[in-house]
Structure formats: structure tokens, C-alpha cells
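K.L.:
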Amino acid sequence: MSISFILELLDFCRGDPCGRSSATCISLQSNYTCVCQYGFYYSNENCYKGEVYPATIAVRAPYSDNLQNVNSTEYQYLFNNVSAFFKKAFKNLHDYKETVIVKIQPPSESRSSAPLNVTVTNLFTWNSAENETTVSSAVQLAIKNNNPSFVASYDVAKHCDIYQCDPKTTVCEEKEFPECKCKPDLAKTDWDTRSCSACSKTCSSEKNKYCVQEEDVPTCRCMVNFKKKDEECVACPVGYSGEDCADYSELILIIVGTVFGAIILSLVIAVSVISVRAKHKQNPEKRSLMKSGYSDMNTSDDRPSMFPRVQTTSGHTNPGYQPSNPYEMRSTNRDRFPERDYDDLYEISREPRGFRTQSRY
Numbered sequence: 002m003s004i005s006f007i008l009e010l011l012d013f014c015r016g017d018p019c020g021r022s023s024a025t026c027i028s029l030q031s032n033y034t035c036v037c038q039y040g041f042y043y044s045n046e047n048c049y050k051g052e053v054y055p056a057t058i059a060v061r062a063p064y065s066d067n068l069q070n071v072n073s074t075e076y077q078y079l080f081n082n083v084s085a086f087f088k089k090a091f092k093n094l095h096d097y098k099e100t101v102i103v104k105i106q107p108p109s110e111s112r113s114s115a116p117l118n119v120t121v122t123n124l125f126t127w128n129s130a131e132n133e134t135t136v137s138s139a140v141q142l143a144i145k146n147n148n149p150s151f152v153a154s155y156d157v158a159k160h161c162d163i164y165q166c167d168p169k170t171t172v173c174e175e176k177e178f179p180e181c182k183c184k185p186d187l188a189k190t191d192w193d194t195r196s197c198s199a200c201s202k203t204c205s206s207e208k209n210k211y212c213v214q215e216e217d218v219p220t221c222r223c224m225v226n227f228k229k230k231d232e233e234c235v236a237c238p239v240g241y242s243g244e245d246c247a248d249y250s251e252l253i254l255i256i257v258g259t260v261f262g263a264i265i266l267s268l269v270i271a272v273s274v275i276s277v278r279a280k281h282k283q284n285p286e287k288r289s290l291m292k293s294g295y296s297d298m299n300t301s302d303d304r305p306s307m308f309p310r311v312q313t314t315s316g317h318t319n320p321g322y323q324p325s326n327p328y329e330m331r332s333t334n335r336d337r338f339p340e341r342d343y344d345d346l347y348e349i350s351r352e353p354r355g356f357r358t359q360s361r362y
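The numbering of the sequence shown is my numbering, which starts it at 2 and goes up by one.
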């Protein structure tokens, strides 16, 4: 049995070597390391508050999936070389305490010679005289003086890039000790400070909301016929309904009904206008007869009549008047008709109101 295999079976964290502090013991291949929570460093079996300088470094080491296993030889090699580099780089900075490997990222290139990106935090004592400028300058000088250096590059990182808040349920608040703020309508549990795995009390039916698990993540949604607006669930506009007011079939019915109503109203108005115009429009012949009748009503000595009178020559003394009785005609053709040789006992009397007979004797 090989020595490396025996070492992999050993648990160096057995017996609580980190003491009863809040530090977490990590058993490596040949030893162990004690890691405190973010913003604290381990010293003398205890965790102390310190100043954190996060960074992303590129190291000259090949990537292997075994690097994700802290008990592997590859991880032990990386851990030892990174720790040694920063101890040497900060040898003149007396407040330096430790360097913690936070994350190992695969290289973006498939070449084996491509640098390996590693996220680290360098911890100094609280109220240290150092700052981000002096720390970064010390690392850059160490890279320059050690050619080739195990650490190829050093880039300052943000605290939220290191703190690893759950991006699905929280928003990281950037500061020296970052805080994972819950997204609206979500809440944290007692055992997790970097994610929000429950819905808050604001996600309730009183607020027109309900909580549902989607891909193991709590989600506060608006109830049916409501949609989210400015983090509140408001009623759907007229014509919309369903989940998130996505159904607009009612709006289509309203538009169609309005269009048809407008068309029907236009037809009614058009028919009314045509009817009124037809009522006031008169036939020219009828208008001529009516005008003649009105004229007779105004000029006749007789009683007014409602109907127009037909123009005749009866009863007029106009020149050239020819009576209808041929025996009374006094024209030049009188010799053509025999004169009456009888005496009438009665003669016709012309009166305005008609004809009547009267006795001559």
C-alpha cells in the first residue's frame, strides 16, 4: 500500500485540532488547515476579526478535476505554493496573518500551459497600518522579483465577488463585511446567512401574493388576475386576466364590440338623416300646384279653399270670351247657328256659387 493512499485515508481533523472556536477544520492530504468565517483569521485556536483584501490570482499550475478535492495531491501542491508565495511577498508587512483559497476556476483555454485562476483572501490584523495599495504593491514586487513566479498575476477583487451570496435569492451589499440582502418577499432561515430559502410574511393573500417553489428556489408570485408593478401586485387592467395578466381575450371582445357598436350607431344616424331630408324634399309638380292654390286663396273673393283651383275661362269677361252655349255666341259665325225661337219659362242665372233656374214671368 502506497504512502499517498494511506495519507488520503487519514483524517487530520479528528480530535478537533482547531479547538472549540468557530473555525472549520479542512483535512488536506498531509496536514490540515483551520478556516474562519469571512472577515476573520485563525490564530491560537481562535478566530479574530481582521481586514480582508480579496484578489484573483493566476498561478502556473495545470488544471485537474482533483483540484476540487481538498484531500488530493493536486490541491495540497496548490495550497503549499500559494501559502509560500504570499508569506514571502508580505514578509515586510508585519500585520499579515494568512491567505485563504476561496475558489479554483478552470482555465478559459484548453492548453495545459494556460494559467489557473484562483480566488483568495489575504487577511491582516484589525486596524492594520496597511491598505489596498501597499498590499497590492507588495504582491506585484514579489511577482517581478521571482521570475518565473508561481503567481503570474494579481488583480484586486470586490468583497461580493468573494463572499458568494446566492445570486438567485439575494443581492450582495458591497462593504468590508458584505451582507447578502434578501430579494423582495423572501426571508432567511436560522441556519443560512448567504441565501434566502423562505418567503417572507409580505408574501400573503392580503398582498395578493402566494409563495411557490420553482427549481428549489422560493418564489413569491402574484395571484391570478394580478400582476407585479413596483414590487406590488395590482389588479389587471380592463380587458386583461389570468396569470400575470397575460390573457387579453376580454380586450379583444371589448374592441370588437366597440367597433360593431360604432358601425351600428353610424348606420342609425345615416338612416335618420336620409329620412329627414326625404321628408322635406317636395316634388316640383306638387309644389307648383300648392303654390297656385295658395295664390287663389289669397286673391279670391270667395271663401278660402284648401285645394288649388283649376284655371278656366268660365264666368270671366275677358275679351274674346266664348260662352259654352252655342246659342249665346256672338261671334262672326253667328249666322251659322239658328237663333232660338222659343221662350223659356226659366232662364239660367249665373251666380258665383253656381247655376240655378229662375222664372222670367
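Note that the Cβ used here is the ideal one computed from N, Cα and C, for glycine as well.
With respect to the beta strand (DSSP E) encompassing Q30, which residues constitute its N-terminal and C-terminal limits?
P.N.:
In the DSSP assignment, Q30 falls outside any beta strand (DSSP E) and carries neither an H nor an E.
K.L.:
Look up G20 in the DSSP assignment and say whether it is helix, strand or coil.
P.N.:
coil
K.L.:
Let me confirm a value: A143 is counted as buried when at least 16 other C-beta atoms fall within 10 Å, else exposed. Which label applies?
P.N.:
buried
K.L.:
Is DSSP giving S332 helix, strand or coil here?
P.N.:
Because the pLDDT at S332 is just 47, under 50, the model does not fix this residue reliably, and the value given afterwards should be weighed accordingly. Coil at S332, not helix or strand.
K.L.:
I'd like to check one pair, N123 with Y76: are the Cβ atoms closer than 7 Å?
P.N.:
no
K.L.:
Do G16 and E46 have their beta-carbon atoms positioned less than 7 Å apart in this structure?
P.N.:
The answer is no: Cβ separation not under 7 Å.
K.L.:
Using only the alpha-carbon positions, how far apart do I58 and F151 sit?
P.N.:
10 Å
K.L.:
In whole angstroms, give me the CA-to-CA distance for S267 and A236.
P.N.:
35 Å
K.L.:
Give the list of continuous alpha helix (DSSP H) stretches no shorter than 4 residues that lie fully inside the region 116–176.
P.N.:
Runs of the alpha helix (DSSP H) inside the region 116–176: 133–146, 160–164.
K.L.:
What three-state label does DSSP hand E244 in the structure shown?
P.N.:
helix
K.L.:
Which of helix, strand or coil does DSSP assign to A236?
P.N.:
Three-state DSSP puts A236 in a strand.
K.L.:
Starting from K50, follow the beta strand (DSSP E) in both directions and report where the run begins and ends.
P.N.:
48–60
K.L.:
Taking the alpha helix (DSSP H) that Y76 belongs to, which residues open and close that run?
P.N.:
74–90
K.L.:
State the DSSP-derived secondary structure class of Q69, mapped to helix, strand or coil.
P.N.:
helix
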